[in-house]
Structures are given as structure tokens and as C-alpha cells.
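Enquirer: Below you'll find the structure I mean.
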Amino acid sequence: MVTTALTRCVARLLLAPVLVVALAVLVKGYVDVGDGFAAGIIAALGVLLQYLAFGRAAVERALPLRHAPRLAVGGLLIAIATAVVPVVAGGSLLEHSPGAGVDVIKVGSVELITAVVFDVGVFALVLGVAVTVLHLLTSEAVEGAWE
Amino acid sequence: MRLGAGGAAVLTATGAFVGLLGVWLTGGGGFDVTWVASWDLRLAFELDGLAALYSLLAAGVGVAVFTYASAYLPLHLEHEGRPTTDAWRFHALMVLFLVAMVGLATAQDLILLFAFWDVTAVASYLLIGFDRQHREARLSALMALLVTGVSAVVLLIGILMLRAEYGTTSIPELFERAQAGTGLTVATALIAAGALAKSAQVPLHFWLPRAMAAPTPVSAYLHSAAMVAAGVFLLSRLHPLIERSPVLLDVLLAVGLLSMGVGGVLALASHGLKRVLAYSTISQYGYVVAMLGIGGAAGAAGACFYVLAHGMAKSALFMTSGAVTEATRGRRLSEVGGLLRDMPALAAGSGMAAAGLAALPLSIGFFKDELFFKAAAERGAWLAVIAVAGAALTFAYVGRFWGAIFLGPRPREAGTIPRLLTLPVVALGGLVLLGGVLVTPFADLARDAAATTAGMPVALDAAYHLDLRVENVMALATYLAGMALLLLRPVLGTALRATLRLGDRFGPEHLYIRTLAGLNRLSNALHDIEVQDLRARIVSVLVSGGVLVALGIAVTPFDGVYRVGSLRSDDVALIVVLAISALAALATTRPRQHLALVLTLSCVGFSLAVAYELLGAPDVALVAVLVETILTLLFVATLSLFPRDVLRREAALPESRSRRVRDPIVGVLAGTAAFLTVWAGLSRSVPSESSAERHVSLTEQAHGSDVVTVILADFRGLDTLVEVTVVIVALLGVAVLLRKGRLW
Numbered sequence: 010m011v012t013t014a015l016t017r018c019v020a021r022l023l024l025a026p027v028l029v030v031a032l033a034v035l036v037k038g039y040v041d042v043g044d045g046f047a048a049g050i051i052a053a054l055g056v057l058l059q060y061l062a063f064g065r066a067a068v069e070r071a072l073p074l075r076h077a078p079r080l081a082v083g084g085l086l087i088a089i090a091t092a093v094v095p096v097v098a099g100g101s102l103l104e105h106s107p108g109a110g111v112d113v114i115k116v117g118s119v120e121l122i123t124a125v126v127f128d129v130g131v132f133a134l135v136l137g138v139a140v141t142v143l144h145l146l147t148s149e150a151v152e153g154a155w156e
Numbered sequence: 064m065r066l067g068a069g070g071a072a073v074l075t076a077t078g079a080f081v082g083l084l085g086v087w088l089t090g091g092g093g094f095d096v097t098w099v100a101s102w103d104l105r106l107a108f109e110l111d112g113l114a115a116l117y118s119l120l121a122a123g124v125g126v127a128v129f130t131y132a133s134a135y136l137p138l139h140l141e142h143e144g145r146p147t148t149d150a151w152r153f154h155a156l157m158v159l160f161l162v163a164m165v166g167l168a169t170a171q172d173l174i175l176l177f178a179f180w181d182v183t184a185v186a187s188y189l190l191i192g193f194d195r196q197h198r199e200a201r202l203s204a205l206m207a208l209l210v211t212g213v214s215a216v217v218l219l220i221g222i223l224m225l226r227a228e229y230g231t232t233s234i235p236e237l238f239e240r241a242q243a244g245t246g247l248t249v250a251t252a253l254i255a256a257g258a259l260a261k262s263a264q265v266p267l268h269f270w271l272p273r274a275m276a277a278p279t280p281v282s283a284y285l286h287s288a289a290m291v292a293a294g295v296f297l298l299s300r301l302h303p304l305i306e307r308s309p310v311l312l313d314v315l316l317a318v319g320l321l322s323m324g325v326g327g328v329l330a331l332a333s334h335g336l337k338r339v340l341a342y343s344t345i346s347q348y349g350y351v352v353a354m355l356g357i358g359g360a361a362g363a364a365g366a367c368f369y370v371l372a373h374g375m376a377k378s379a380l381f382m383t384s385g386a387v388t389e390a391t392r393g394r395r396l397s398e399v400g401g402l403l404r405d406m407p408a409l410a411a412g413s414g415m416a417a418a419g420l421a422a423l424p425l426s427i428g429f430f431k432d433e434l435f436f437k438a439a440a441e442r443g444a445w446l447a448v449i450a451v452a453g454a455a456l457t458f459a460y461v462g463r464f465w466g467a468i469f470l471g472p473r474p475r476e477a478g479t480i481p482r483l484l485t486l487p488v489v490a491l492g493g494l495v496l497l498g499g500v501l502v503t504p505f506a507d508l509a510r511d512a513a514a515t516t517a518g519m520p521v522a523l524d525a526a527y528h529l530d531l532r533v534e535n536v537m538a539l540a541t542y543l544a545g546m547a548l549l550l551l552r553p554v555l556g557t558a559l560r561a562t563l564r565l566g567d568r569f570g571p572e573h574l575y576i577r578t579l580a581g582l583n584r585l586s587n588a589l590h591d592i593e594v595q596d597l598r599a600r601i602v603s604v605l606v607s608g609g610v611l612v613a614l615g616i617a618v619t620p621f622d623g624v625y626r627v628g629s630l631r632s633d634d635v636a637l638i639v640v641l642a643i644s645a646l647a648a649l650a651t652t653r654p655r656q657h658l659a660l661v662l663t664l665s666c667v668g669f670s671l672a673v674a675y676e677l678l679g680a681p682d683v684a685l686v687a688v689l690v691e692t693i694l695t696l697l698f699v700a701t702l703s704l705f706p707r708d709v710l711r712r713e714a715a716l717p718e719s720r721s722r723r724v725r726d727p728i729v730g731v732l733a734g735t736a737a738f739l740t741v742w743a744g745l746s747r748s749v750p751s752e753s754s755a756e757r758h759v760s761l762t763e764q765a766h767g768s769d770v771v772t773v774i775l776a777d778f779r780g781l782d783t784l785v786e787v788t789v790v791i792v793a794l795l796g797v798a799v800l801l802r803k804g805r806l807w
């Protein structure tokens, strides 16, 4: 598939801002609109744009996308860990700390609580799965048809 | 290397046996951990008398059978032409079964017990169907799974009824709270139905003879001391509940006696080595069910002791049949014979086991029948007569089984077999004999189990009395009648064969096959209607959904449901957006170009996202925009995969009749149903303390200010966790379909 220079230029320029927006949506999810799922999809859309503009081979050369499956599984492990660790510590499943009524350390408007860690896990999982599926759907057998 | 998977299995079983024995000898014990607090589910285990009996039996027979299997499996796999590595699978499943049996026996919570119950069903399915290249094995495995699995659902319904009625599934708490009444009778009857199917009792017995398609170690384990024992175990475990309904006890007695008779007659009539034993198992567990039906101290003591004695003896006999088949390739009683000289050790071991089953003196089996006779005679003279008749049948078919293998003419030479195929038989046979001389340890085990069953201390008197008490007279009568049956069997041959044929022709197995075939036909017919084309499939969903909703609307009261609210000035923007999406939705029916269709569809989605935003749900709007973007891109990408001219030709085709007539009707019907449902939902007054409001008020405490995120990550975090796991599973599915499981 042939894309115009304009598309390629915009795609290249947009990648970093898209990822920043995704990060913002992720870490501020607890106080503002958005959450790990939305952030993961936004980041994946940024990657999808690169696929559309430059083609599979070029993108996978330029970006470290081959870690995507690991990212997905790592995200799941993070999410499971935030769920299970409180049980080991004597609490109940997915009990977030600090608990109700306890003060929270804030960095700007970002609050340091374990729920955000859980959301980071969801983000990593969604991004990893989306990129892996992109990779699978555009695999060689399918790519021949694109030309 | 020589140890292998089989050796590991033997070590596991030995470890389990020693560990369980140690715990039991030091007075039992258990633990109780909360599992899911909000549903009050607990991991409650306790090794009480009953649990000790069944788990020690499962582990002890397990040691013998696993030893046997470690020698049997290599031979079996060689005959079947399968790689020796498949043995791992087999041994792992057998060990899983052992673990499930121990869990089942020690569980003190019905939900937990049910979980182990289902593990045994699944493991049994895989084990019976181990020779998956044979159609017979697969069908038999499916039959066992369906019969015990469907009845397990009935069992679960019974458990949930108890939970609804008494608010607990903890077995000790149920014993305290349950009051005799119709509710209790129905619930325990459902549970008993599940248990009887598991123990292969008439009329749900037919899966057991079929299950003989399994490799012999499976039968020696599952169909003597484990799987089928689980049914009578459950009846014993819940006996304090069951005995609160006298009618249920009578039903158990009747089913037990019927199974005893049917199993005994069919065992006498059958010819396959393992089939005789399978029918014998049905009959023997019939004894146990009948004793549980008699109830009381005598019934409980008899039932528990019987399970113990029978498990050891039957397992040894199953292993004998496997060893004989290995040595001679004969699978029917007529194909073997005269093996006493060739295989003296096997003959001795199985002889002791057979003596145990036939209840000869100096074997543990003598006491099992003594206790049975005692319980029966206490109930009444008629029952005593039936008991003697049943025991005589047992005597006859066990005698025939052993005699046909080891005595008489020798149609085939016996090849050499590994010593490990004989050793477990001799060991179990020795135990059967030991139990006849030194009965105290076995009797103590059964006594403690009976105390749990009966819910009170039970005296279990197992000793030889050289007098003419009623049990002894009944035993003598049994031997005489059994000998007579054995001698008369050739004369009775025609009648027995006719019985077998009658059972095949009109028995419950026939009903099962007919039902299954009928269901299959129905499902195929529905499937054919549904999948004519993609539109037909969507129609089948929309129409049936619409009709169901319309029925639901028709039977709900209308008062105050369909209210028309007032319009405010700030709603104008929302109305405009909704009008746009409605127009876009209507517009999707027009375009013939594929790309135009995709863009119109995405117009509907994006305008709805704006509507969400206007309704004050920015999180939902964000997700809607993202999902709509991805969907649109996917559609466009898919379209770009088609050659241009194909799309153009498709678009130029004239509209089919179904599209002009059927689709608008379907669309209007489904749309109207959806509209009415949403309208009814929206005009319902909001309950004062809704969960949404509770979530909003709690969000502050969870250190958040975005309710949706807090719900997803905190309040309903477990749901999210499960959902993201599903996402990973879906990814694996995609990878398997597209790239044979390679992720990158």
C-alpha cells in the first residue's frame, strides 16, 4: 500500500504525542476521565497509525514491538499481583492500599495508590494484546493481499 | 529413568496413604479457610472417620493399582501402537483422581465437595477415553460423562436448594439446622439421585459396563474403589440428612435391592471378563445402598465395612482380568481357562480376592456379609430372604469367574507377563485374607466411619461365632444356594441370555441412545435453519430475542412504565445528536457501496459517543470513540483486502427478495422490542439507595474522583481482572487460528 508523504509525516509526528496522551490518561485515570483500558487503546491506535503509514516491515524494524506479547503477559501478572499480594498480607482479594481514610502521597494530581498499579497492568495488557493482534493480522500470508 | 511417571504415581499414592494413616492414627484433624467470603464459601476439610475410610481406601488401592499400571501401561501402549510418552498423561490423570477422591472424602462443605465431584467426572472421562483412537472408548467415555455429569447437575440443584433453605452449605451446620419436611426431602432426593448415578445404580447403571472400554488399571481403580465409591460415600456423608425422610430411605433400599438383583443376574449371564466384574460392581454397590436404606447403626456399620472389603477384593479381580488378557489375549471367559498351572501366583492372589467377594470364612468378605445379613434380618424376614438370594448370586458369579479362568480345559497358552502385574493382586488378596484373620484394624476403621454416617457411636462386632445365630444360618444358606446356582448355570443359560438381550433391547441404555440421537437431530435441524447465510444467523438471534422480549413485556404490568417525561431547554443539543444518529441508522439501509456503508455505520457510533458525552458520561464517550475508531479502521482494512472488482460486482447485484421483505420486518420487530425495553427501563423510578449512588459516595474514600475508573479498578476490580484474563485468552485464540499459536 502506498501512502503520501503527508500521511507519513503526520504519522511520524503524531506518535510521541499519542503516547504522551495515553500516559496522561493512564496515570490520571483515577482523578480524571479515562483509565488503563482507554490509555492502552489510545497507544495502540498510535501504533496502528504507524502500520498504516509505513507498512509492517518498516514499523517493526523501527519500533521495539516484538516485546508486545511479553508486555501483555507482564500486564496480566501485574494485575494478578495487585490482586493476590493483599491476600498474602492478610487482607482480602484486590484490597487496595492505602485504605479508606488514610492520607495519600500526591505527585501533582497523581495519587500513589495500588489501584493505579492495577490500572497500569490493564494498560500494559491492552496495549500488548492490541499490538500483537496487529502483528498477527498483518502477517505475511495476509500482507500479500495488501499489495 | 526406570522410575518414570508410573513410579512417581506410586510414590505419591504411598505418600498419601502414609500421611493419611498418620493423621488418622493421631486422632484426625482438618482445617477451615475462607475462600470466597462474600458467598461464604470455605475450604473446610476434616479427616473424620468416614473421610479416613474412603481416602485410605482410595490411597491404599491406589498404591496397588498404580504399581500395576506402571507395568501395564508400556505393554498397553505397545499394543495400541502409541508412543510410550503417553503414559505420563495416564499416570497424571490417575493421581489427579486420587487427589480428587481424598478431597471429596475430606470436604466439609457441599460446594467444595461438588467441585471435587466434578473433577472426578472429568478425570474419569479422560481416563475411560484414554484409548481415544477407538470409537467405542470415546463413546463410552462420553456416556459416563453424560450420565454422571447430568446427574451432577441434579445434585447441584439439591445442594443449592439446601443453601436457599438453610443459608449454608457447610455439612455440620446443615445437620444442625435442617428440619424434616418436604423441602428437605426433595433436596436430599436430588442429591441422592446424583449419588446413585455415580455409583451406577439401576436404572442409571448402564454406563459402567460400557466404561470397561477403559484400560484395565482405570477399571481396577475407578470402578472398584474410587469413582463408583464416591456415590455411596455421598449417601453416607449426608446420611443424617437423608434419614430425616423415611420415604427416601425406602427408595434407597428398593434401588439397592434392585441393583443387587439386576447386577447379579447380568454378571452371571455376561461373558466378557471385565463385564462380569462391572455388573458385579453394580450389584455390590447395590448391597451398600440397600444397607444405607436400612439405616440405623447396623446399616451404617454394614455399609462402611462392605465398601472397604469390596474395594480391595474387586480391585484385585479387575487387575486379574487385565493380567489374564495380557497373558492370553483372551477377553471373554470362554477364551481362557485352565491357567492354574501357568499362573499359580495370580491364581492364589485372585483366589483370595474372590473368596473375599464370595464371603467365604477366613476372608474379610465373610464379615461384610455377616454385617449385611444382620442388618437385613433386623429389618424383617422378607429382606433376609432377598439378602440370601443376592449373596448367593454373588457367590455363583464369583465362583464362575474364578473357575472359568483358572480351572477346566486350557484353550490358550499363557505368555509371560511382568511380575508387577501379579504382585499387586497377590498383595490385595493377602490383605483380604489378613482381614479375615485379623479383622480388628479394618473393623475399627469401618466403625469410625459408621459413627460418622449414623451420627452416633456404633458398635461393630466382627468375629467368628461357632453357633447357629441367624447370620451364620444365612451364610450357610448362601453357600448352598450359590453352589446350586453355579451347578445349574448351564441349564439356566438360555434364560440368562434372554435376560441380557431384553436388557439391551428395552433397557435404560436404549433410552439413553434414543434420547441422545433425538437431541442430536433437533440440534442439527436448528443449526441448518440458522446457518443458511450470515443474515439468516443474525435474523435467528434478532427474531428470537425480539419475541422473547415482547413476551416479557406482554406479561409485565404496564402501569406507569411507559411515561413520557418533560422536555427541558438544555436537552436540545442531546435531541439534535440523537436525531443525527437515528438518521444515520436509517441511512445505513440505503448505500450499495461497501465503503459508504462502513462510513455510515461509524457515523451512528460517533454520534452516539457525542450523546454519551452530553448525558454526562465522558468515560463511556471516550471508550465509545476509541472502539468506534478501531471498528471503522478494521472494516476499511478488511475491505481493502478484497479485489476492487469483486466489491463493485457485489454492489451492482439486484436486491434479493429476502432483503426487501424479510429484513425490514426483522429490523422493525427487533428495533421495537429494544425500544420498548429501553423505554420501560428508563421510565422506572430510580430506587432510593442504588448501587450506583453507593459507588459514587464511596469513591471519595477510595481516593478517586472518577467513579468509572474507581469502579473498574477497585469496587468491581475482580470482574476487571477476570475480563483482562479473557482478553489474553482471546489473543491466544487469534494466535492459534492465524499462526499456529506463535505470538510473534
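If you read the sequences in order, they're chains A and B. For the first sequence, the working numbering assigns the number 10 to the initial residue and increments by one for each residue that follows. For the second sequence, the working numbering assigns the number 64 to the initial residue and increments by one for each residue that follows. Heads up, the beta-carbon is just placed ideally off N, CA and C, and yes, glycines get one too.
What residues from chain A crowd round residue 95 of chain B, counting only those whose CB sits closer than 7 Å?
Expert: Residue mapping note: residue 95 of chain B aligns to position 32 of the second sequence, counting from 1. The premise fails here: residue 95 of chain B is roughly 17 Å from chain A at the closest Cβ pair, so nothing lies under 7 Å.
Enquirer: Using only the alpha-carbon positions, how far apart do residue 68 of chain B and residue 292 of chain B sit?
Expert: Translated into positions along the second sequence, residue 68 of chain B becomes position 5. Translated into positions along the second sequence, residue 292 of chain B becomes position 229. Approximately 26 Å between the Cα atoms of the pair.
Enquirer: With contact counted as at least three CB pairs below 8 Å, one residue from each stretch, are the region 314-325 of chain B and the region 379-392 of chain B in contact?
Expert: No, because fewer than three Cβ pairs between the region 314-325 of chain B and the region 379-392 of chain B fall closer than 8 Å, the two stretches do not touch.
Enquirer: How is the beta strand (DSSP E) around residue 95 of chain B delimited, first residue to last?
Expert: To locate residue 95 of chain B, count along the second sequence from 1; it is residue 32. Counting along the chain, the beta strand (DSSP E) containing residue 95 of chain B begins and ends at 93-99.
Enquirer: For residue 19 of chain A, does the three-state DSSP call read helix, strand or coil?
Expert: One-based indexing of the first sequence puts residue 19 of chain A at position 10. Of the three classes helix, strand and coil, the one that applies to residue 19 of chain A here is helix, per DSSP.
Enquirer: Helix, strand or coil for residue 107 of chain B per DSSP?
Expert: To locate residue 107 of chain B, count along the second sequence from 1; it is residue 44. Three-state DSSP puts residue 107 of chain B in a strand.
Enquirer: Exposed or buried, which one is residue 100 of chain A when buried takes at least 16 other CB atoms within 10 Å?
Expert: By 1-based counting over the first sequence, the position of residue 100 of chain A is 91. Burial call: exposed.
Enquirer: Under 6 Å Cβ to Cβ from residue 218 of chain B, same chain only, skipping five residues before and after it: list those, please.
Expert: By one-based count along the second sequence, residue 218 of chain B stands at place 155. If we look at residue 218 of chain B and ignore the five residues flanking it on each side, its Cβ neighbours are 254, 257.
Enquirer: Would you tell me roughly how many angstroms separate the C-alpha atoms of residue 174 of chain B and residue 79 of chain B, rounded to the nearest one?
Expert: On the second sequence, position 111 is the one that residue 174 of chain B refers to. On the second sequence, position 16 is the one that residue 79 of chain B refers to. Between residue 174 of chain B and residue 79 of chain B, the C-alpha separation is close to 24 Å.
Enquirer: In three-state DSSP terms, what is residue 64 of chain A?
Expert: As a position in the first sequence, residue 64 of chain A is number 55, starting the count at 1. It is coil, neither helix nor strand.
Enquirer: Under 8 Å between C-beta atoms, does residue 768 of chain B make it to chain A?
Expert: The count along the second sequence starts at 1 and reaches residue 768 of chain B at position 705. Yes, residue 768 of chain B counts as interfacial toward chain A.
Enquirer: For chain A, is any of its Cβ atoms less than 8 Å away from the one on residue 254 of chain B?
Expert: Taking the first residue of the second sequence as 1, we reach residue 254 of chain B at position 191. Not one chain A Cβ lies under 8 Å of residue 254 of chain B.
Enquirer: With a threshold of 16 other CB atoms inside 10 Å of the CB of residue 731 of chain B, please say whether the residue is buried or exposed.
Expert: Here residue 731 of chain B refers to the residue found at position 668 of the second sequence. Answer is exposed; the Cβ neighbour count stays below 16.
Enquirer: What does residue 88 of chain A reach in chain B if we use C-beta pairs closer than 7 Å?
Expert: Reading the first sequence from its first residue, position 79 is the one you call residue 88 of chain A. What residue 88 of chain A touches in chain B: 784, 787.
Enquirer: State the DSSP-derived secondary structure class of residue 644 of chain B, mapped to helix, strand or coil.
Expert: Your numbering for residue 644 of chain B matches position 581 in the second sequence. Helix at residue 644 of chain B.
Enquirer: Mind checking if residue 686 of chain B is an interface residue toward chain A, Cβ cutoff 8 Å exclusive?
Expert: For this step, residue 686 of chain B is matched to residue 623 along the second sequence. At least one chain A Cβ lies under 8 Å of residue 686 of chain B.
Enquirer: Can you tell me whether DSSP reads residue 148 of chain A as helix, strand or coil?
Expert: For the purposes of this step, residue 148 of chain A is taken as residue 139 along the first sequence, with counting starting at 1. Note: residue 148 of chain A maps to coil in three-state DSSP.
Enquirer: Apply the 10 Å Cβ neighbour rule to residue 803 of chain B and answer buried if 16 or more other Cβ atoms are within range, or exposed otherwise.
Expert: What you label residue 803 of chain B is simply residue 740 of the second sequence in a count that begins at 1. With fewer than 16 other Cβ atoms within 10 Å, it is exposed.
Enquirer: Restricting to Cα atoms, I'd like to know which of B:419, B:444, B:703 is closest to residue 488 of chain B.
Expert: Residue numbering aside, residue 488 of chain B sits at position 425 when the second sequence is read from its first letter. Measuring from the Cα of residue 488 of chain B, the nearest candidate turns out to be B:419.
Enquirer: Taking CB distances under 8 Å as the criterion, tell me whether residue 780 of chain B reaches chain A.
Expert: Taking the second sequence and counting its residues from 1, the one referred to as residue 780 of chain B is at position 717. Residue 780 of chain B counts as touching chain A.
Enquirer: Give a yes or no on whether 8 Å exceeds the smallest Cβ distance from residue 773 of chain B to chain A.
Expert: Here residue 773 of chain B refers to the residue found at position 710 when the second sequence is read from its first residue. Yes, residue 773 of chain B counts as interfacial toward chain A.
Enquirer: Could you spell out the range, first to last residue, of the alpha helix (DSSP H) harbouring residue 308 of chain B?
Expert: Locating residue 308 of chain B in the second sequence gives position 245, where the first residue counts as 1. Note, residue 308 of chain B: premise wrong, no alpha helix (DSSP H); not H, not E.
Enquirer: By Cβ distance, which residues of its chain are closer than 7 Å to residue 252 of chain B, with the 5 residues on each side in sequence left out?
Expert: For this step, residue 252 of chain B is matched to residue 189 along the second sequence. Closer than 7 Å at the Cβ level, and outside the excluded window around residue 252 of chain B, lie 311.
Enquirer: Quick one: residues in its chain with C-beta nearer than 7 Å to the C-beta of residue 394 of chain B, no 5 flanking neighbours on either side, listed in chain order?
Expert: Counting from 1 along the second sequence, the entry for residue 394 of chain B is found at position 331. Hits under 7 Å: 335, 336, 388.
Enquirer: What first and last residue would you give for the alpha helix (DSSP H) that runs through residue 777 of chain B?
Expert: In the second sequence, residue 777 of chain B corresponds to position 714, counting from 1. That residue, residue 777 of chain B, is in no alpha helix (DSSP H); it is neither H nor E in DSSP.
Enquirer: So residue 75 of chain A contacts chain B; which residues on that side make the cut at Cβ distance below 8 Å?
Expert: Within the first sequence, the letter at position 66 stands for residue 75 of chain A. Residues of chain B passing the Cβ test: 807.
Enquirer: Contact criterion: CB-CB distance below 8 Å. Does residue 71 of chain A meet it with respect to chain B?
Expert: Taking the first residue of the first sequence as position 1, residue 71 of chain A is located at position 62. No - not a single Cβ of chain B is within 8 Å of the one on residue 71 of chain A.
Enquirer: If we ignore side chains and look at the alpha-carbon of each, how far apart do residue 133 of chain B and residue 102 of chain B end up?
Expert: Position 70 of the second sequence, counted from the first residue, corresponds to residue 133 of chain B. Position 39 of the second sequence, counted from the first residue, corresponds to residue 102 of chain B. Approximately 43 Å, taken between the alpha carbons.
Enquirer: Whose C-alpha, out of B:372, B:532, B:149, B:270, is nearest the C-alpha of residue 572 of chain B?
Expert: For the purposes of this step, residue 572 of chain B is taken as the residue at position 509 of the second sequence. Of B:372, B:532, B:149, B:270, the residue nearest in Cα terms is B:270.
Enquirer: Suppose you measure from the CA of residue 522 of chain B to the CA of residue 144 of chain B; what does that come to, to the nearest Å?
Expert: As a position in the second sequence, residue 522 of chain B is number 459, starting the count at 1. As a position in the second sequence, residue 144 of chain B is number 81, starting the count at 1. Cα to Cα, the separation comes out at about 54 Å.
Enquirer: Answer with yes or no whether the minimum CB distance from residue 127 of chain A to chain B is below 8 Å.
Expert: Looking up residue 127 of chain A in the first sequence gives position 118. So, interface residue.
Enquirer: Tell me which same chain residues have a C-beta within less than 6 Å of the C-beta of residue 655 of chain B, skipping the five on either side of it?
Expert: Within the second sequence, numbered from 1, the residue matching residue 655 of chain B stands at position 592. Within the same chain, residue 655 of chain B has close Cβ partners 714.
Enquirer: Can you tell me where the alpha helix (DSSP H) with residue 421 of chain B in it begins and where it stops?
Expert: In the second sequence, counting from the first residue as 1, residue 421 of chain B sits at position 358. Here residue 421 of chain B belongs to no alpha helix (DSSP H), and DSSP marks it neither H nor E.
Enquirer: Take residue 616 of chain B as the anchor and find which of B:739, B:698, B:778 has the nearest alpha-carbon.
Expert: Translated into positions along the second sequence, residue 616 of chain B becomes position 553. Residue 616 of chain B has its Cα closest to that of B:739, out of B:739, B:698, B:778.
Enquirer: Against residue 141 of chain A, what residues of chain B qualify as contacts under a CB-to-CB distance less than 9 Å, listed in chain order?
Expert: As a first step, residue 141 of chain A must be located in the first sequence, where it is residue number 132. Within chain B, the residues near residue 141 of chain A are 794, 797, 798, 806, 807.
Enquirer: Using the C-alpha atoms, what's the distance from residue 147 of chain B back to residue 135 of chain B?
Expert: Along the second sequence, one-based indexing puts residue 135 of chain B at 72. Along the second sequence, one-based indexing puts residue 147 of chain B at 84. Going from the Cα of residue 135 of chain B to the Cα of residue 147 of chain B covers about 12 Å.
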